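Right, one structure below, let's go through it.
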Amino acid sequence: MASFGFHTTSDEASAALKENITSKTIVITGVSPGSLGADTARAILAQSPAKLILASQTESKLHEVIKSLDTPAGTSVYPLVLDLASHDAVRKAAAELSTYVDVIDTMICTAGVMALPSYRKSKDGIEMQFAVNYLGHFLFINLLVDKILAGDATVVTYTSEAHTRADLGFLDDLTYDEGTTYEKWNAYSNAKACDILLSVGKIFELWNGNLNSAIKVKTLAEGAATGIIAAFDHRLSNEQGYFLADGALTEQGLLPAAVDPVIAAKLRGISEKLVK
Numbered sequence: 616m617a618s619f620g621f622h623t624t625s626d627e628a629s630a631a632l633k634e635n636i637t638s639k640t641i642v643i644t645g646v647s648p649g650s651l652g653a654d655t656a657r658a659i660l661a662q663s664p665a666k667l668i669l670a671s672q673t674e675s676k677l678h679e680v681i682k683s684l685d686t687p688a689g690t691s692v693y694p695l696v697l698d699l700a701s702h703d704a705v706r707k708a709a710a711e712l713s714t715y716v717d718v719i720d721t722m723i724c725t726a727g728v729m730a731l732p733s734y735r736k737s738k739d740g741i742e743m744q745f746a747v748n749y750l751g752h753f754l755f756i757n758l759l760v761d762k763i764l765a766g767d768a769t770v771v772t773y774t775s776e777a778h779t780r781a782d783l784g785f786l787d788d789l790t791y792d793e794g795t796t797y798e799k800w801n802a803y804s805n806a807k808a809c810d811i812l813l814s815v816g817k818i819f820e821l822w823n824g825n826l827n828s829a830i831k832v833k834t835l836a837e838g839a840a841t842g843i844i845a846a847f848d849h850r851l852s853n854e855q856g857y858f859l860a861d862g863a864l865t866e867q868g869l870l871p872a873a874v875d876p877v878i879a880a881k882l883r884g885i886s887e888k889l890v891k
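Following this line, the structure appears as structure tokens:
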């Protein structure tokens, strides 16, 4: 089996893990032209999955991506409109997906928003970065959990170095005092820490090597590679969560609170109430 590192590309990762991709059913969120999700889809598609479901908020962007892809014979590609800022829309998308998918082998969650300059609420009255980056995916995964478990699936979510600046005390006031204490990077950091907490004891979590940061600059294909490795490298056990950076397991750079099972349980309880 190949070894992976900082400069491993999505094409290299998918080719090395071809046997774990071919004939599988795979869901990717956050797919739009030029995005991490789109490059992930392109690289995975080259290895002939059975079904590839591409989800995004905007239908026209989905069709633009699908039109650009080289779809092999025997593979079906499905567009799925998924607005993570609306619980009703998430439920609708999950119900639609369920009409043509019995088993999900892999889900890669790349969708998100970053550092929204002003305080905004989702359609359900929840701060937008928490709603889109974390809570929408929480609901989507839980609505599809039977299909995920049927496939013994790996679920991958993306985080950021910014999570190390999170203050998870915000869980006691998700409104940021109705926006008066909102600061865009604090809210982003908190949401990305919640993405890690989602994975505690359950699913893979990865850090994509600061894609588009000034510290470790990566190409899009290098940024997408770690997600593919987390999803399809069966040398990694998916019985509990793991943190990956640059294509490899690591514990460096993790905020301890972001892997605290007590905080994870608190977040789950809050989340379940919010999506009822």
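Under our numbering, the first residue of the sequence shown is numbered 616, with each subsequent residue one higher.
Built from N, CA and C at the ideal position, the CB exists for glycine as well.
From a predicted model like this one, the values you see are computed outputs, not experimental measurements.
Legend entry - DSSP three-state assignment for Phe858, whether helix, strand or coil: As a position in the sequence shown, residue 858 is number 243, starting the count at 1. Phe858: strand per DSSP, three-state reduction.
Legend entry - Pro687 burial status per 10 Å Cβ neighbour count (16 or more: buried): To locate residue 687, count along the sequence shown from 1; it is residue 72. Around the beta-carbon of Pro687, fewer than 16 other beta-carbon atoms lie within 10 Å, marking it exposed.
Inset, instruction - Compute the distance between the beta-carbons of Asp720 and Lys639, then report whether it is under 7 angstroms. - result: Taking the sequence shown and counting its residues from 1, the one referred to as residue 720 is at position 105. Taking the sequence shown and counting its residues from 1, the one referred to as residue 639 is at position 24. Cβ atoms of Asp720 and Lys639: closer than 7 angstroms.
Inset, instruction - Report yes or no: do the segment 702 to 714 and the segment 770 to 788 share at least 3 C-beta pairs separated by less than 8 angstroms? - result: no
Legend entry - Three-state secondary structure (DSSP) of Met729: Numbered from 1 along the sequence shown, position 114 holds the residue referred to as residue 729. The three-state secondary structure of Met729, taken from DSSP, is coil.
Inset, instruction - From the DSSP output, read off the bridge partner residues of Lys736. - result: Counting from one through the sequence shown, the residue named residue 736 turns up at place 121. The partner list for Lys736 (beta bridge, DSSP) reads Glu742.
Legend entry - CB contact flag (Ile885, Ala628, <7 angstroms): Working through the sequence shown from its first residue, we reach residue 885 at position 270. Working through the sequence shown from its first residue, we reach residue 628 at position 13. Contact: no.
Inset, instruction - Please name the residue in Tyr803, Glu837 and Glu742 whose C-alpha comes closest to that of Leu651. - result: Your numbering for residue 651 matches position 36 in the sequence shown. Cα-wise, what sits closest to Leu651 is Glu837.
Legend entry - Other residues of its chain near Glu674: CB distance less than 6 angstroms, five sequence neighbours each side excluded: By one-based count along the sequence shown, residue 674 stands at place 59. Taken in chain order, the residues that qualify are Val696.
Legend entry - Residues bridged to Lys666 (per DSSP): As a first step, residue 666 is located in the sequence shown; it is residue number 51 there, counting from the start. Answer by DSSP bridge pairing, in chain order: Thr640 and Ser691.
Legend entry - Straight-line Cα distance separating Lys682 from Ala658: The residue labelled residue 658 in the question sits at position 43 within the sequence shown. The residue labelled residue 682 in the question sits at position 67 within the sequence shown. When rounded, the distance between both Cα atoms is 15 angstroms.
Legend entry - Closest Cα partner of Ser713 within the set Leu889, Lys666, Asp654 and Ala872: Within the sequence shown, residue 713 is the residue found at index 98, counting from 1. When only C-alpha atoms are compared, the closest one is Lys666.
Inset, instruction - Count the other CB atoms, across all protein chains shown, that sit within 10 Å of the CB of Glu866; report buried if there are 16 or more and exposed otherwise. - result: Translated into positions along the sequence shown, residue 866 becomes position 251. Under this definition Glu866 is an exposed residue.
Inset, instruction - Give the DSSP-derived three-state secondary structure of Tyr803 in the structure shown. - result: Taking the first residue of the sequence shown as 1, we reach residue 803 at position 188. Here Tyr803 carries a helix assignment [DSSP, helix/strand/coil].
Inset, instruction - Classify Thr624 as helix, strand or coil using the three-state DSSP reduction. - result: Position 9 of the sequence shown, counted from the first residue, corresponds to residue 624. Here Thr624 sits in coil by DSSP.
Legend entry - Neighbour-count burial assignment, Val760, 16 or more Cβ in a 10 Å radius: Along the sequence shown, one-based indexing puts residue 760 at 145. An exposed status is given to Val760, since fewer than 16 other beta-carbon atoms sit within 10 Å of its beta-carbon.
Inset, instruction - Leaving aside the five residues before and after Leu758 along the sequence, list all residues of the same chain whose C-beta is less than 6 angstroms from its C-beta, in chain order. - result: One-based indexing of the sequence shown puts residue 758 at position 143. Cβ neighbours of Leu758 beyond the five flanking positions: Ala709.
Inset, instruction - Helix, strand or coil for Leu864, going by three-state DSSP, please let me know. - result: Locating residue 864 in the sequence shown gives position 249, where the first residue counts as 1. The answer is strand: DSSP assigns Leu864 an E or B state.
Legend entry - Cβ neighbours of Gly645 in the same chain (closer than 8 angstroms, five flanking residues each side left out): On the sequence shown, residue 645 is found 30 positions in, with the first residue counted as 1. Around Gly645: Leu651, Gly652, Ala670, Ser671, Cys724, Thr725, Ala726 and Gly727.
Legend entry - 7 angstroms Cβ cutoff met for Leu812 and Gly751: As a working note, residue 812 is residue 197 in the sequence shown. As a working note, residue 751 is residue 136 in the sequence shown. Taking 7 angstroms as the Cβ cut-off, Leu812 and Gly751 do not qualify as a contacting pair.
Inset, instruction - Put Ile723 into one of helix, strand or coil per three-state DSSP. - result: As a working mapping, residue 723 is identified with position 108 in the sequence shown. In this structure, Ile723 counts as strand in the three-state DSSP scheme.
Legend entry - Contact set for Val718: own chain, Cβ-Cβ below 7 angstroms, skip 5 residues either direction: Taking the first residue of the sequence shown as 1, we reach residue 718 at position 103. Counting only Cβ-Cβ distances below 7 angstroms, and skipping sequence neighbours, we find Thr640, Lys762, Ala765 and Gly766.
Legend entry - For Ser671, the residue or residues it bridges with in DSSP: Taking the first residue of the sequence shown as position 1, residue 671 is located at position 56. DSSP lists Val696 as partners of Ser671.
Inset, instruction - Could you spell out where the alpha helix (DSSP H) holding Val877 opens and where it closes? - result: The residue labelled residue 877 in the question sits at position 262 within the sequence shown. Pro876 to Leu889 is the extent of the alpha helix (DSSP H) around Val877.
Legend entry - Alpha-carbon spacing of Tyr749 relative to Gly689, whole angstroms: One-based indexing of the sequence shown puts residue 749 at position 134. One-based indexing of the sequence shown puts residue 689 at position 74. Counting only the Cα atoms, Gly689 lies some 34 angstroms from Tyr749.
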